[in-house]
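Undergrad:
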Amino acid sequence: MKRPPMPFPVLRKSALTLCAAGVALHLYTALFKADGGMGAIAFLIGLVLWSCTPYAIAAVLAWSRHAVWGLGAAAACLAADVFMHYSVFAAPKGSTAALGLLFMPFWNLVAIGPAGALLFWLAHRFFGRQRGAGAD
418 MKRPPMPFPV
428 LRKSALTLCA
438 AGVALHLYTA
448 LFKADGGMGA
458 IAFLIGLVLW
468 SCTPYAIAAV
478 LAWSRHAVWG
488 LGAAAACLAA
498 DVFMHYSVFA
508 APKGSTAALG
518 LLFMPFWNLV
528 AIGPAGALLF
538 WLAHRFFGRQ
548 RGAGAD
């Protein structure tokens with residue numbers, strides 16, 4: 418008798434929690450770390466929307482039949498965003514470190530999120546088969 422490797426709601430809840438953490442990180446960055454005063458409000462709103470796009474896609478994946486893809490994308494994007502936040506605010510290497518905040522959403526969309534989704538899907542299939550074979 419084959420058991421599912423992990424209950425579907427757990428994957429979905431985990432992915433949505435990581436998405437919420439990513440959105441919270443970007444809201445924190447825009448509200449408490451950004452300079453520019455009232456003149457930068459439109460830019461900051463656009464930056465938050467742009468930065469949250471990978472998490473919106475991961476949330477849609479989490480609500481679909483492919484929750485493990487959403488979990489992988491959200492985990493990879495959050496790890497990359499936390500690293501970028503650290504490299505910009507805690508340990509900047511130069512005056513252009515903040516440009517990473519503008520380009521990280523692009524990399525999350527085209528490389529990091531899809532790579533995380535693929536890795537989590539492969540791990541889920543591999544470990545799910547191993548666990549299922551041991552139950553027989």
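Residue numbers (my numbering): 418 to 553.
Ideal Cβ positions, reconstructed from N, Cα and C, are used throughout, including at glycine.
#1: Excluding the 5 residues preceding and the 5 following residue 499 in the sequence, name in chain order all residues of the same chain whose CB lies nearer than 8 Å to its CB.
#2: Nearest-angstrom Cα distance between residue 501 and residue 427?
#3: Does DSSP classify residue 550 as helix, strand or coil?
#4: For the alpha helix (DSSP H) that residue 485 lies in, which residues bound it at each end?
#5: Is the Cβ-Cβ distance between residue 485 and residue 538 less than 7 Å?
#6: Using only CA atoms, which one of 455, 491, 516 and 515 lies nearest to residue 430?
#7: Determine the DSSP secondary structure at residue 515, reduced to helix, strand or coil.
#8: Is residue 529 buried or exposed, if buried means 16 or more other CB atoms sit within 10 Å of its CB?
#9: Note down the Cα distance separating residue 433 from residue 471, rounded to an integer number of angstroms.
#10: Sort 446, 533 and 531 by Cα distance to residue 519 and report the nearest one.
TA: Quick answer:
#1: Taking the first residue of the sequence shown as 1, we reach residue 499 at position 82. Within the same chain, residue 499 has close Cβ partners 442.
#2: The residue given as residue 501 occupies position 84 in the sequence shown. The residue given as residue 427 occupies position 10 in the sequence shown. One C-alpha to the other measures close to 28 Å.
#3: Counting from one through the sequence shown, the residue named residue 550 turns up at place 133. The predicted model places residue 550 with a pLDDT of 47, which falls under 50 and marks its position as unreliable; any figure quoted below should be read in that light. In the structure shown, residue 550 sits in a helix (DSSP, three-state: H, G or I).
#4: Residue 485 sits at position 68 when you count from the first residue of the sequence shown. Its alpha helix (DSSP H) spans residues 484-502.
#5: Mapped onto the sequence shown, residue 485 falls at position 68. Mapped onto the sequence shown, residue 538 falls at position 121. Cβ distance < 7 Å, so residue 485 and residue 538 count as in contact.
#6: Residue 430 sits at position 13 when you count from the first residue of the sequence shown. Closest by C-alpha distance to residue 430, out of 455, 491, 516 and 515, is 491.
#7: As a working note, residue 515 is residue 98 in the sequence shown. Look at residue 515 here: in three-state DSSP terms it is coil, with no helix or strand label.
#8: The residue labelled residue 529 in the question sits at position 112 within the sequence shown. Result: buried.
#9: Translated into positions along the sequence shown, residue 433 becomes position 16. Translated into positions along the sequence shown, residue 471 becomes position 54. Between residue 433 and residue 471, the C-alpha separation is close to 12 Å.
#10: For the purposes of this step, residue 519 is identified with residue 102 of the sequence shown, where counting begins at 1. Residue 519 has its Cα closest to that of 446, out of 446, 533 and 531.
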